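Chains as they are written, first to last, in full-length UniProt numbering: chain A, 1 to 299; chain B, 1 to 531.
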Amino acid sequence: MYELKTLLPQFDIKLPTCMYPLKNVSLAADSLASSSPSSASASTSSCDDTASVAARQEKVLKQLEELKEQLGQIRKGLGVCGKTIQHTTAFQNGGLKEVPLQDVVINGHPNFIPYALLALKNAWRDLYTIDVKTFTHSTMADIGPAAREFEANLAKVPVNPALPKISVTLIWKNCEHTEMISSPTMYVPIYGEVNIIRYLGRVGPAEYRYEGSPLCNEIDLVLDICYQLLRCNTHKTQVAMVRLLDKRLQQQQYFGGSQMSVADIGVYSSLIRMPAITDKDLTPALVAWRKRAKLVAQI
Amino acid sequence: MVEDKENVENGEQVSKKGAKKLAKAAKKAEQKAETASAVAANNAGGDSAEDHASGRYGLSEMIQSKDKRSERNFVPVSELSGQVGKGLVWVRGRVHTSRAKGKQCFLILRQQSSTVQCILAVGDVISKQMVKFAGNIPKESIIDIQAKPVAVSGKIESCTEQSLELSVEQLFVISQAKAQLPLQIEDASRPENADDAEGLNIRVNQDTRLDNRVLDLRTPANQAIFRLEAGVCRLFRDILTEKGFTEIHTPKIISAASEGGANVFTVSYFKDSAYLAQSPQLYKQMAIAADFDKVYTVGAVFRAEDSNTHRHLTEFVGLDLEMAFKYHYHEVLHTIGNTFTAIFKGLRDNYAREIESVGQQYKVDAFKFLEPPLILQFADGVAMLREAGVETGDEEDLSTPNEKLLGRLVKAKYDTDFYILDKFPLAIRPFYTMPDPNNPVYSNSYDMFMRGEEILSGAQRIHDPEYLMERAKHHGIDTSKIAAYIESFRYGCPPHAGGGIGMERVVMLYLGLDNIRKTSMFPRDPKRLTP
Numbered sequence: 001m002y003e004l005k006t007l008l009p010q011f012d013i014k015l016p017t018c019m020y021p022l023k024n025v026s027l028a029a030d031s032l033a034s035s036s037p038s039s040a041s042a043s044t045s046s047c048d049d050t051a052s053v054a055a056r057q058e059k060v061l062k063q064l065e066e067l068k069e070q071l072g073q074i075r076k077g078l079g080v081c082g083k084t085i086q087h088t089t090a091f092q093n094g095g096l097k098e099v100p101l102q103d104v105v106i107n108g109h110p111n112f113i114p115y116a117l118l119a120l121k122n123a124w125r126d127l128y129t130i131d132v133k134t135f136t137h138s139t140m141a142d143i144g145p146a147a148r149e150f151e152a153n154l155a156k157v158p159v160n161p162a163l164p165k166i167s168v169t170l171i172w173k174n175c176e177h178t179e180m181i182s183s184p185t186m187y188v189p190i191y192g193e194v195n196i197i198r199y200l201g202r203v204g205p206a207e208y209r210y211e212g213s214p215l216c217n218e219i220d221l222v223l224d225i226c227y228q229l230l231r232c233n234t235h236k237t238q239v240a241m242v243r244l245l246d247k248r249l250q251q252q253q254y255f256g257g258s259q260m261s262v263a264d265i266g267v268y269s270s271l272i273r274m275p276a277i278t279d280k281d282l283t284p285a286l287v288a289w290r291k292r293a294k295l296v297a298q299i
Numbered sequence: 001m002v003e004d005k006e007n008v009e010n011g012e013q014v015s016k017k018g019a020k021k022l023a024k025a026a027k028k029a030e031q032k033a034e035t036a037s038a039v040a041a042n043n044a045g046g047d048s049a050e051d052h053a054s055g056r057y058g059l060s061e062m063i064q065s066k067d068k069r070s071e072r073n074f075v076p077v078s079e080l081s082g083q084v085g086k087g088l089v090w091v092r093g094r095v096h097t098s099r100a101k102g103k104q105c106f107l108i109l110r111q112q113s114s115t116v117q118c119i120l121a122v123g124d125v126i127s128k129q130m131v132k133f134a135g136n137i138p139k140e141s142i143i144d145i146q147a148k149p150v151a152v153s154g155k156i157e158s159c160t161e162q163s164l165e166l167s168v169e170q171l172f173v174i175s176q177a178k179a180q181l182p183l184q185i186e187d188a189s190r191p192e193n194a195d196d197a198e199g200l201n202i203r204v205n206q207d208t209r210l211d212n213r214v215l216d217l218r219t220p221a222n223q224a225i226f227r228l229e230a231g232v233c234r235l236f237r238d239i240l241t242e243k244g245f246t247e248i249h250t251p252k253i254i255s256a257a258s259e260g261g262a263n264v265f266t267v268s269y270f271k272d273s274a275y276l277a278q279s280p281q282l283y284k285q286m287a288i289a290a291d292f293d294k295v296y297t298v299g300a301v302f303r304a305e306d307s308n309t310h311r312h313l314t315e316f317v318g319l320d321l322e323m324a325f326k327y328h329y330h331e332v333l334h335t336i337g338n339t340f341t342a343i344f345k346g347l348r349d350n351y352a353r354e355i356e357s358v359g360q361q362y363k364v365d366a367f368k369f370l371e372p373p374l375i376l377q378f379a380d381g382v383a384m385l386r387e388a389g390v391e392t393g394d395e396e397d398l399s400t401p402n403e404k405l406l407g408r409l410v411k412a413k414y415d416t417d418f419y420i421l422d423k424f425p426l427a428i429r430p431f432y433t434m435p436d437p438n439n440p441v442y443s444n445s446y447d448m449f450m451r452g453e454e455i456l457s458g459a460q461r462i463h464d465p466e467y468l469m470e471r472a473k474h475h476g477i478d479t480s481k482i483a484a485y486i487e488s489f490r491y492g493c494p495p496h497a498g499g500g501i502g503m504e505r506v507v508m509l510y511l512g513l514d515n516i517r518k519t520s521m522f523p524r525d526p527k528r529l530t531p
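Structure (structure tokens):
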């Protein structure tokens, strides 16, 4: 073959001064894999990098605070609208802004009371607050004694103002499915009490968040069985579902291991909705589990 | 030429042709006479063929309270179904339509919202002349009929009483209507069916309706609307009286404009001039200072705003209330909210038939509400609007499109057409509004919305005269003009709050109608002073 002349001649590239050089990530990884002493130096250098970025961010935030103070002074001087200067906590917690969680609306029929709300309120009473306000929709003439008792029980749970909270508006309505609406503009309603449990489980206290844990599939499986259980019409199908649950429970303390989880909440509140399933239909393991769960859920 | 010839031969014999012509003419004349007499005989036979029903129909003489006729048992059309097979009844109603065909006449009788079919057939009781008379009665005339209610096998679709018809025996016209009507009741009550391309599309213009209001009000939908309006008023009175309120009546001729000043009507008052009251605000508060504790008033409100919109009138009926409270204005807020919820429940439960009647002509979406009523903070409302992409300031008043959008957002989220917005910013409220003690940006004031439109604006009023003067100065209002107002608080006044609504607007929004003139019996706007 013959040699090709280079198309572009060599010329000097002037590096811009407003940017900063990034350490080549792959080289650092290579060096880490190859030798251990150099890995230590590489890791420290990468630590240095993150530290320098963090230091830069802190400097920028400090400047922002100073500018805001200056603006506030100017405002005061001019007497422009008496808005108080909003001090952000952004400086303190590393740039994270804490916003209260969107409040949720749950529409339910009084014949299908979402006991899971009460169970979660009780289970989380020391960890997290679920503030439930109940309303009756105009399509519902009378909600019945069971729903009224449920409302009274909801009101009885003591509220600790120091805990993070989520506001839930429960509307008794003549609707087919229990549904949850989080925001009117991004309107994607969530159907089914079990799915509401899943949502609340993800925004609730860390102890009940199961997404990252290895039990994730197990818990989801149990919740799916609950979903089907709630849709069973005949006693035979209900008993079949109960047998499935028993298979999942085996000899454990709770569904999903030795700790109470949202799966237990789901099974417990579903069983309350099915008065046709008596202790006779449950296996002894399930009866014992129910006693244990009642201590936490307190319904 | 030929005539001349005949004239010449006058006395003599007429020519042959002439004779033939004459004979033909004579024959023709004879035949004509024969048929004429035959027809006459027929007609005469018909007309004078003894009208065996002559005493049982006709134009009644003007009712001047001559006879009591208490033996006649009148039954309302809505109760006729219970009278089938029980013999003759008397009914008074209007002729909705009447058509005679040969030996039968079908007449639809209308009484407010109910219609029933009446049938006259030539027979022993009814004569041919009676049928002809019935077919010629002008529409809208008031008639008395004596008839037998008869059950029918098939359903009569065109009437409200579908399972029976009246077999008429006597028929008298009490008040005859003019033959040419400015508008047809059938046209005025036709539903707005845009998708029915084949149906008749004749509508009556709103101006024509309002000019001939007496006829327009006879349509079933209008009858229902105004009975519903009466229901709103009655429920308002009953519910508040039950809560311990007292009704008061405030003067409408006042000496100084209370709110604003630009939008008042002036009347000449002997040698001076006076104004027509824009709102009973001042007098409600004086009644509270006079120890009436809880008051409400139902009366006319006059606003001289030159607004020609679908929701403004110059004169409307205001339902206002004012209440003294112990420590927190939420006591009053919840009272007002619960009053509304109770009114809606009363309408839903007791006036379902009227709502359905209106629904047959105008499309009506059922009104949805929550119990207890939904109360949102103004800041939350602004947050919802911002989330939907609308830029609005923290202290900015809600513009009309923003109000409507917020109404739709609340409807999408909570599925309610009625909600309350609490803690409005102080900057946009009148000077007598009490500011929020915890946050000087906001005030203790609230607005209530139905279907995204504002119906009530209320607040805790400042009851301390010194503070009131301060706030008035802050708003740049001349305190000498409102001296009388401030004076009423100098002799001890309890903390109080209240609000007022427009009755026509509430009915319009409850039914989901598009124009407030539909809910005002004889509306007044910048361009209309009659009827």
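Yeah, the Cβ is synthetic: ideal placement off N, Cα and C, and Gly gets one too.
Note that the structure is a prediction, hence the values are computed from the model and not measured.
9 Å Cβ cutoff, residue i in contact with chain B
i, result
"residue 184 of chain A", "yes"
"residue 171 of chain A", "yes"
"residue 113 of chain A", "no"
"residue 105 of chain A", "yes"
"residue 234 of chain A", "no"
"residue 178 of chain A", "no"
"residue 237 of chain A", "no"
"residue 288 of chain A", "no"
"residue 277 of chain A", "no"
"residue 181 of chain A", "yes"
Proximal chain A residues relative to residue i, where beta-carbon distance stays under 7 Å
i, result
"residue 372 of chain B", "135"
"residue 431 of chain B", "Simply none; closest approach about 18 Å."
"residue 529 of chain B", "Those do not exist, as residue 529 of chain B stays about 39 Å from chain A at its closest Cβ, beyond 7 Å."
Beta carbon proximity, residue i to chain A, threshold 9 Å
i, result
"residue 281 of chain B", "no"
"residue 442 of chain B", "no"
"residue 416 of chain B", "yes"
"residue 243 of chain B", "no"
"residue 512 of chain B", "no"
"residue 364 of chain B", "no"
"residue 389 of chain B", "yes"
"residue 421 of chain B", "no"
Cβ shell of residue i (< 6 Å), same chain only, five flanking positions each side left out
i, result
"residue 182 of chain B", "212"
"residue 287 of chain B", "248, 295"
"residue 307 of chain B", "none"
"residue 269 of chain A", "115, 116, 119"
Cutoff 7 Å; reference residue i; Cβ partners in own chain excluding five residues on either side
i, result
"residue 46 of chain B", "Here residue 46 of chain B scores only 49 on pLDDT, less than 50, and its place in the model should not be relied on; the value that follows carries that caveat. If we look at residue 46 of chain B and ignore the five residues flanking it on each side, its Cβ neighbours are 128."
"residue 191 of chain B", "360, 361"
"residue 188 of chain A", "none"
"residue 265 of chain A", "116, 119, 120, 123, 197, 297"
Contact list for residue i against chain A, beta-carbon separation under 9 Å
i, result
"residue 386 of chain B", "Those within 9 Å of residue 386 of chain B in chain A number zero; the least Cβ separation is about 10 Å."
Contacts around residue i, its chain only, beta-carbon distance under 8 Å, and the 5 residues preceding and following it disregarded
i, result
"residue 143 of chain B", "92, 93, 94, 95, 109, 137, 171, 172, 173, 174"
"residue 165 of chain B", "116, 117, 118, 119, 149, 150, 152, 156"
Residue i Cβ short of 8 Å to the ligand NAP heavy atom set
i, result
"residue 405 of chain B", "Questions concerning the ligand NAP fall outside what the structure shown contains, since it holds no ligand whatsoever."
Cross-chain neighbours of residue i in chain B, by beta carbon under 9 Å
i, result
"residue 167 of chain A", "None at all; the shortest Cβ gap to chain B is about 10 Å."
Residues that residue i contacts on chain B, provided the C-beta gap is smaller than 8 Å
i, result
"residue 74 of chain A", "Here the premise fails: no neighbours, minimum Cβ distance about 19 Å."
7 Å Cβ cut-off: residues of chain B touching residue i
i, result
"residue 261 of chain A", "The premise fails here: residue 261 of chain A is roughly 30 Å from chain B at the closest Cβ pair, so nothing lies under 7 Å."
Partners in chain A for residue i, counting only beta-carbon separations shorter than 8 Å
i, result
"residue 368 of chain B", "137, 138, 139"
At least 3 beta-carbon pairs within less than 8 Å: the stretch 298 to 306 of chain B vs the stretch 325 to 342 of chain B: With a cut-off of 8 Å, the stretch 325 to 342 of chain B and the stretch 298 to 306 of chain B do not count as touching, because too few Cβ pairs lie within range.
With a threshold of 8 Å, are at least 3 pairs of Cβ atoms found where one atom belongs to the stretch 414 to 424 of chain B and the other to the stretch 367 to 375 of chain B? Touching, per the Cβ criterion.
Quick check on the DSSP output: what are the complete beta strand (DSSP E) runs of length 3 or more inside the stretch 315 to 361 of chain B, in order along the chain? If we require 3 residues or more, the beta strand (DSSP E) runs fully inside the stretch 315 to 361 of chain B come out as 315 to 324.
Three CB pairs or more closer than 8 Å across the stretch 273 to 293 of chain B and the stretch 354 to 363 of chain B: By the C-beta criterion, the stretch 273 to 293 of chain B is judged not to be in contact with the stretch 354 to 363 of chain B, since fewer than 3 inter-stretch pairs fall below 8 Å.
Does the stretch 145 to 154 of chain A come close enough to the stretch 199 to 216 of chain A to have 3 or more Cβ pairs within less than 8 Å? Per the Cβ contact rule, the stretch 145 to 154 of chain A is not in contact with the stretch 199 to 216 of chain A (fewer than 3 Cβ pairs under 8 Å).
Does the stretch 467 to 483 of chain B come close enough to the stretch 502 to 514 of chain B to have 3 or more Cβ pairs within less than 8 Å? Flag = no, the stretch 467 to 483 of chain B and the stretch 502 to 514 of chain B do not touch.
Please specify which runs of the alpha helix (DSSP H), each continuous and at least 4 residues long, are wholly inside the stretch 189 to 253 of chain A, giving them in chain order. Runs of the alpha helix (DSSP H) spanning 4 or more residues and lying entirely within the stretch 189 to 253 of chain A occur at 193 to 203, 216 to 230, 235 to 249, in chain order.
Is the stretch 17 to 25 of chain B close to the stretch 285 to 297 of chain A, with three or more CB pairs under 8 Å? Counting C-beta pairs with one atom in each stretch, the stretch 17 to 25 of chain B and the stretch 285 to 297 of chain A have fewer than three that are closer than 8 Å, which means they do not touch.
Any contact between the stretch 310 to 320 of chain B and the stretch 497 to 504 of chain B? By contact I mean 3 or more CB pairs, one from each, below 8 Å. Contact holds: three or more Cβ-Cβ distances are below 8 Å.
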